[in-house]
Amino acid sequence: MNVWFRTIPAIALSTLVSFSSPTAKELEKNLPIHPPLSHSSIEPLQNHPSGIRVFCTIETRCDLDEFVRKTGVCAFFVIKGRTTRIEEYRGTDTCEKGKNGPYKLYGIASMAKSLTSTLVGQVLAERYHLRTREQFERIMTRKLGSFLTLPHRMKLADGYAQVSMDDLLSMRSNIQWRESGSPWLLSDEVYYQDQVRVPPRKQNLIGFASRYRLARQPRSQFNYSALDVAMAIAVVKDLSPARPPLKQFERGIWAMIGAAHEASWNVDIDGDPSGPCCFRARIDDLARFGRFALEKGHGNGVPAAWFDLATAPLKDRFHGLDNESDPADPSCELGYGYYWWLRRDRPDYFAFGRFGQFIHVYPEDDVVIVQLSDWRTVPADKHVRCITLKSHDAIVRRLRS
941 MNVWFRTIPA
951 IALSTLVSFS
961 SPTAKELEKN
971 LPIHPPLSHS
981 SIEPLQNHPS
991 GIRVFCTIET
1001 RCDLDEFVRK
1011 TGVCAFFVIK
1021 GRTTRIEEYR
1031 GTDTCEKGKN
1041 GPYKLYGIAS
1051 MAKSLTSTLV
1061 GQVLAERYHL
1071 RTREQFERIM
1081 TRKLGSFLTL
1091 PHRMKLADGY
1101 AQVSMDDLLS
1111 MRSNIQWRES
1121 GSPWLLSDEV
1131 YYQDQVRVPP
1141 RKQNLIGFAS
1151 RYRLARQPRS
1161 QFNYSALDVA
1171 MAIAVVKDLS
1181 PARPPLKQFE
1191 RGIWAMIGAA
1201 HEASWNVDID
1211 GDPSGPCCFR
1221 ARIDDLARFG
1231 RFALEKGHGN
1241 GVPAAWFDLA
1251 TAPLKDRFHG
1261 LDNESDPADP
1271 SCELGYGYYW
1281 WLRRDRPDYF
1291 AFGRFGQFIH
1301 VYPEDDVVIV
1311 QLSDWRTVPA
1321 DKHVRCITLK
1331 SHDAIVRRLR
1341 S
């Protein structure tokens, strides 16, 4: 029987247990991530370009303000180099509670996956002294079991221990996982939230992941999976036992980007971050992360070779993503790298979160676009993601002049 058929009774039973069993003090849903003592500078808004024409439909042009209204944008932040060129906030309490603006801690959904990717690159480089793309490529062929402690390897022997790192970070693990379902209780992701992510948490990640087995279908089929990303955090933990993943991120990636503010990350029962989602940060620090990726790690901590590999638009990374692409426009044919979204025959790439969250990196134009939206608040066009990508392209072209 597939695991997701057990979701409904399992959730019901676990709810009863949570009210009847004494537990240790529950951790907060999110734990803080402190900024470094000094931060990297982003120059304030300068030379805001006038007359920016973007897209409100696949073919229809409109001005940027109309795009912001029609696509439920809460915050829009664009840097070229280290200078802010566009900064706009919607004057309503959208994108969760609280007024939109530079001081708001925005809740980040699946864009957190790209943070997790970068953390994996940092830890692999440190543990195995990796510097070149060839070195990374070789180690990515290894099975997860070779990175895990013996108890974890044994517990996951029929599932994740047999998955290669490359397949894990490409969401091609071949693990039986149903990210979404109808009704919603048939979603493994809902089960993951109930059991691992949301207080009162019922079990740790390894115990939860041990329920999931390899599928019988052909290997390396793309299957969007929160559990694949969560397991990447488990690898980080076992490779760096002296420093928990959250501290590893705080003293590693968050310090390397020169974050200016405190952030937070949803944690599991062991205090480890939920790799697939649930990060909170100010918009300028999200831009700093995008800048860090654009500069391929600033030559500090995460080798440039990692970003080259993680974001390379390789041909096989576009296989099986027809449901994620939009045939309405050729520029919206998507692929998937190491927890980064790719575009066919293009050098740009982006982190994406539900309802319209983007960190869009344009290496050749030295531009990072951070867009935080809530598509639920507007009658969003069915092509809204493609429209957004085309609009970002239009902004980048305008900034060239």
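Position in the sequence shown (first residue = 1) + 940 = the numbering used here. Positions of the beta carbon are idealized from the N, C-alpha and C atoms, including for glycine.
- In terms of Cβ geometry, Gln1062 and Val1242 form a close pair [threshold 9 Å].
- In terms of Cα proximity to Thr1032, the closest of Ala1182, Gly1277, Asp1314 is Asp1314.
- Under the three-state reduction of DSSP output, His1259 falls in the coil class, being neither helix nor strand.
- Distance from the CA atom of Arg1338 to the CA atom of Asp1003, rounded to whole angstroms, is 12 Å.
- Secondary structure at Thr1023: strand, using DSSP grouped into helix, strand and coil.
- The beta carbon of Lys1039 lies closer than 7 Å to those of Asp1033 in the same chain, with the five residues before and after it left out.
- A direct Cα-to-Cα measurement between Ala1065 and Arg1071 gives close to 7 Å.
- Beta bridge pairing from DSSP links Lys1083 with Ser1104.
- Taken through DSSP and simplified to helix, strand or coil, Leu1312 comes out as strand.
- Fully contained in the stretch 1113-1147 are the following alpha helix (DSSP H) runs of length 4 or more, in chain order: 1128-1132.
- Shortest Cα-Cα distance from Pro1216 to any of Tyr1132, Phe1007, Glu1006 involves Tyr1132.
- Closest option to Asp1269, judged by alpha-carbon separation, among Asp1107, Tyr1279, Val1324: Val1324.
- Around the C-beta of Lys1037, fewer than 16 other C-beta atoms lie within 10 Å, and the residue is accordingly described as exposed.
- Secondary structure at His1238: helix, using DSSP grouped into helix, strand and coil.
- Short of 6 Å from the beta carbon of Gly1296, and not among the five residues preceding or following it, lie these beta carbons of its own chain, in chain order: Ser1313, Trp1315.
- With a beta-carbon spacing of about 5 Å, Asp1168 and Met1111 fall inside the 8 Å limit used to define contacts.
- Boundaries of the alpha helix (DSSP H) around Arg1009: 1004-1010.
- Under the DSSP assignment, Phe1292 falls in the beta strand (DSSP E) whose first and last residues are 1289-1293.
- A residue is called buried once 16 or more other Cβ atoms fall within 10 Å of its Cβ, and Asn1263, having fewer, is exposed.
- Scanning its chain for C-beta atoms nearer than 6 Å, with the 5 sequence neighbours on each side dropped, one finds around Tyr1029 the residues Ala1015, Asn1040, Gly1041, in chain order.
- The secondary-structure analysis by DSSP pairs Glu983 across a beta bridge with Thr1023.
- Just measuring C-alpha positions, the residue of Pro975, Lys969, Glu968 sitting nearest Asp1224 is Pro975.
- Separation of His988 and Glu1304 (C-alpha to C-alpha, rounded to the nearest whole angstrom) is 20 Å.
- In this structure the stretch 1138-1153 touches the stretch 1166-1185; the number of beta carbon pairs closer than 8 Å is three or more.
- Rounded to the nearest angstrom, the Cβ distance from Trp1117 to Tyr1152 is 6 Å, consistent with a contact under 8 Å.
- Counting every other CB atom within 10 Å of its CB across the protein chains shown gives Ser1165 a total of 16 or more, marking it as buried.
- The Cβ-Cβ distance between Val1176 and Leu1059 falls below 9 Å.
- For His1201, no alpha helix (DSSP H) segment is defined, and its DSSP state is neither H nor E.
- Within its own chain, the residues whose Cβ lies closer than 7 Å to the Cβ of Gly1293, once the five positions on either side in sequence are excluded, are Ile1048, Ala1049, Ser1050, Met1051, listed in chain order.
- A check of alpha carbon separations from Ser1160 across Lys1010, Gln1311, Thr1081 identifies Thr1081 as the nearest.
- The stretch 980-1000 makes no contact with the stretch 1279-1286, as fewer than three CB pairs between them are under 8 Å.
- The DSSP-derived three-state label of Cys1272 is helix.
- Exposure of Lys965 is indicated by the presence of fewer than 16 other C-beta atoms within 10 angstroms of its C-beta.
- DSSP places Leu1249 inside the alpha helix (DSSP H), whose first and last residues are 1244-1250.
- DSSP, read as helix, strand or coil, puts Ile998 in coil.
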